[in-house]
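Notes for the one structure printed next.
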Amino acid sequence: MTGEEIRPSRLEWWWLVGAFAALAGAGLLAILMGAVDLDARSVLFSVVDRLPFVDVDSGLNDRQEAILWELRMPRIALGAIVGAMLAVAGGSYQGSFRNPLADPYLLGAAAGAGLGATIAFAYGEVLPSGPIDTLPLLAFIGGVAGVAATYAIGYSVKAGRTPVTLILAGVAVAAFLTAVQTYLQQRNAETLREVYGWILGRLSTVGWGEVWLVLPYVVVSTIVILLGARRLDVLSVGDDEAVTLGVDPSRVRLVMVLAATLGTAAVVAVSGLIGFVGIIVPHAVRIVFGSSYRVVLPLSVVIGATFLILADLLARTVASPAEIPIGVITAFFGAPFFAIVLRSSRGLGS
Amino acid sequence: MTVALSLRGIGVRFNGSRILDSVDMEIARGEWLGIIGPNGAGKTTLLRAVTGSVEFDGSIAIEGSKTSTMKRRDLARSVALVPQHPVLPPGMRVVDYVLLGRTPHVHAVTGPSLHDFDVVATILEALTLSALMDRDVTTLSGGELQRAVIARALAQESPILLLDEPTTALDVGMQQEVLELVDQLRRERSLTVVSALHDLTIAAQFPDRLVMLAQGEVVVEGDGRTVLDPVLIRTHYSANVKILDDGSGGIVVVPLRSRQPTNDSKN
């Protein structure tokens, strides 16, 4: 037998093509559908019109042009970026902790960002303002600080330290931060509605500012995570055996978690807490395409983007003209899926 | 004799308690050394010290170069370990599992080359795993799994192979098959083998030389007849055994009941 006869797991190119086709389809659907329906031909002409040296009449009036370019397009782009980041970060956490239920929010990122956002809503007017809005800034700092606290506590444990230790530390940090957040929220009841809306997540945005704000973090984090996929496959045989294969598990875990956390904190800062994406998407990919992180992570990027665009489309159309918070949509589909994962998690990990 | 692996004054402490204390060993190239000793004697810890998985005092050298100054990858190219309780990633196929053994040779980003695939293919064939290569590792039987784990270690192409109680979970036929396989691979690939062994008859039959550890220290070393002494075994294992000739120059170790059953029949 020669090397050509063995078929190790790998990312087949047509899987990626299929995933990108789904993404394009979801994007198109989300562009055309909404409170104001746009027709495909006009949208196409409007896009072509924006190309350099091309001048065609799209037939859209100024208001429709504004809806297309200042509302829907940036919202779809933001949804894609947030979905991609949350999904790939979830995969990165699951691989790093060898825990099929690990999620970007698990290690204090969500609770920290929630606290940061609550502070911004409650005391934003008295805080000094800088070039970045107080809300995303504090949510970002809160998310990173939450994970940093979890790491500090988890790594202060000397004996019997396992990936589970870190997750337990995350539970403790999250409980503490949530307690502080709830207290502040009670003290500033007038901001309750805003805080509540933020915690449930929203992609409502006007213009491209938020897209450009988070894009650099997401690009860098995603590249770092994708480059580490092979290392995560090695980590799947446990820390002890990974060492004998020449890999430093703590270093791999640190890099992967750091990248996932920075990326997650960045998207949470602009989108609020959109739950379950980091669990549903990598698991769905794993069930269909196999468990190698070289397959799971790249496909999670594309399918995560697709999933959140569709979730957001539902969020703004099912009760139109009212909007359902997108976190409600992802949780509505995510929670039952989570239950299925739990039922079959003997086959998926641990 | 060329020394493949040498250990000098190895000490390991964990939470203040002493696991290993000034252990010295030299293993010749191509030799099979068996490490025996009661539970908790430090056998596994000794192997873990060699793979760099635990911190230790003293020095370990492979072909003359100290492991403490080697990069992790280089160490993994020099020493491969077959763990006693391998962690099996659910959903991972045998071929992917064996390919993990190429990790110290593979660039983390560009991935394995055709040469790596060739190495894996050759090993799968040698260990009669070709027909199983697409199976999920968690569905393998005990013997199949042990072959897969050994295959992964061989894929590292390290000159030194460490086996931590490689036959514990196997029936007697499978034990012999796996150990004969190890011996055959050792000859074909001129490997140096160090194995921790539970079964004293296996220890008598397969390795060239034995070391007995007890409470983290070397008690005795030498050939099977020297080390497998009923008095030493009684002292360190608290076991009553009889050493018998196997009829072809070797010995077997038979456990005996120290007290005869009493004849207080109740019927």
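Quick note, the sequences are listed as chains V and R, same order.
Residue numbers for the first sequence, in our numbering: 137 to 486.
Residue numbers for the second sequence, in our numbering: 14 to 280.
Even for Gly, the Cβ is constructed at its ideal location relative to N, Cα and C.
Because the structure is a prediction, the values reported are computed rather than measured.
- Pairwise C-beta distances place the segment 408-425 of chain V out of contact with the segment 184-204 of chain V, as fewer than three of them are shorter than 8 angstroms.
- Under the DSSP assignment, residue 265 of chain R falls in the beta strand (DSSP E) whose first and last residues are 264-268.
- In chain order, 344 and 347 place their CB closer than 8 angstroms to the CB of residue 213 of chain V, counting only its own chain and leaving out the 5 sequence neighbours on each side.
- Against chain V, a Cβ distance below 9 angstroms from residue 89 of chain R picks out 379, 380, 381, 382 and 383.
- Contacts with chain R (Cβ-Cβ distance below 8 angstroms) from the segment 395-422 of chain V involve 422, listed in chain order.
- Taken through DSSP and simplified to helix, strand or coil, residue 375 of chain V comes out as helix.
- Residues of chain V with a Cβ closer than 9 angstroms to the Cβ of residue 58 of chain R do not exist; the shortest Cβ-Cβ separation is about 12 angstroms.
- Annotated three-state conformation of residue 137 of chain V is coil, per DSSP.
- Against chain R, the CB of residue 347 of chain V has no partner CB under 8 angstroms away; the residue lies outside that interface.
- Put simply, of R/124, R/146 and R/222 the residue whose alpha carbon is nearest the alpha carbon of residue 134 of chain R is R/146.
- Sequence-distant Cβ neighbours of residue 459 of chain V in its own chain, meaning closer than 8 angstroms and more than five residues away, are 338, 340, 451 and 452.
- If the five residues before and after residue 283 of chain V are omitted, its C-beta is found closer than 6 angstroms to the C-beta atoms of 243, 244, 245 and 397, all from its own chain and listed in chain order.
- Taking C-beta separations shorter than 6 angstroms and ignoring five residues to either side along the sequence, the partners of residue 389 of chain V in its chain run 232, following chain order.
- Against chain V, the CB of residue 102 of chain R has a partner CB under 8 angstroms away; the residue lies at that interface.
- At a cut-off of 8 angstroms between C-beta atoms, residue 148 of chain V does not count as an interface residue with respect to chain R.
- For residue 186 of chain V, there is no enclosing beta strand (DSSP E); the residue is found in the alpha helix (DSSP H) stretching over 176-186.
- In the three-state reduction of the DSSP assignment, residue 292 of chain V falls in the helix class.
- With respect to the C-alpha of residue 130 of chain R, the residue from V/473, V/427, V/142 and V/372 having the closest C-alpha is V/142.
- Identification of chain V residues near residue 152 of chain R by a Cβ-Cβ cut-off of 8 angstroms yields none; the smallest Cβ-Cβ distance measures about 11 angstroms.
- For the segment 150-170 of chain V, no residue has a beta-carbon sitting nearer than 8 angstroms to a beta-carbon of chain R.
- A Cβ-Cβ distance of about 13 angstroms is found for the pair residue 23 of chain R and residue 65 of chain R, leaving them out of contact under the 8 angstroms criterion.
- Taking the beta carbon of residue 131 of chain R as reference, the chain V residues within 8 angstroms of it are 138 and 139, listed in sequence order.
- Remark: C-beta atoms of residue 454 of chain V and residue 402 of chain V do not approach each other more closely than 8 angstroms.
- A distance below 8 angstroms separates the beta carbons of residue 60 of chain R and residue 207 of chain R.
- Burial state of residue 258 of chain R is exposed, judged by a 10 Å Cβ sphere holding fewer than 16 other Cβ atoms.
- For the segment 353-366 of chain V, the beta-carbon criterion of a distance under 7 angstroms to any beta-carbon of chain R is satisfied by 363 and 366.
- Residue pairing by DSSP places residue 205 of chain R opposite R/173 in a beta bridge.
- Interface flag for residue 226 of chain V against chain R is unset, since no Cβ pair is found closer than 8 angstroms.
- For residue 259 of chain R, there is no enclosing alpha helix (DSSP H), as DSSP marks it with neither H nor E.
- In the structure shown, the three-state DSSP call for residue 279 of chain V is helix.
- No Cβ of chain R is located within less than 8 angstroms of the beta carbon of residue 240 of chain V.
- At least one CB of chain R lies nearer than 8 angstroms to the CB of residue 370 of chain V.
- Around the beta-carbon of residue 332 of chain V, fewer than 16 other beta-carbon atoms lie within 10 Å, marking it exposed.
- CA-to-CA, the gap between residue 73 of chain R and residue 247 of chain V works out to about 47 angstroms.
- Secondary structure in the segment 37-95 of chain R: the alpha helix (DSSP H) runs of 4 residues or longer, each lying completely within the stretch, are 56-63 and 85-91 in chain order.
- Assigned with DSSP and collapsed to three states, residue 225 of chain R falls in strand.
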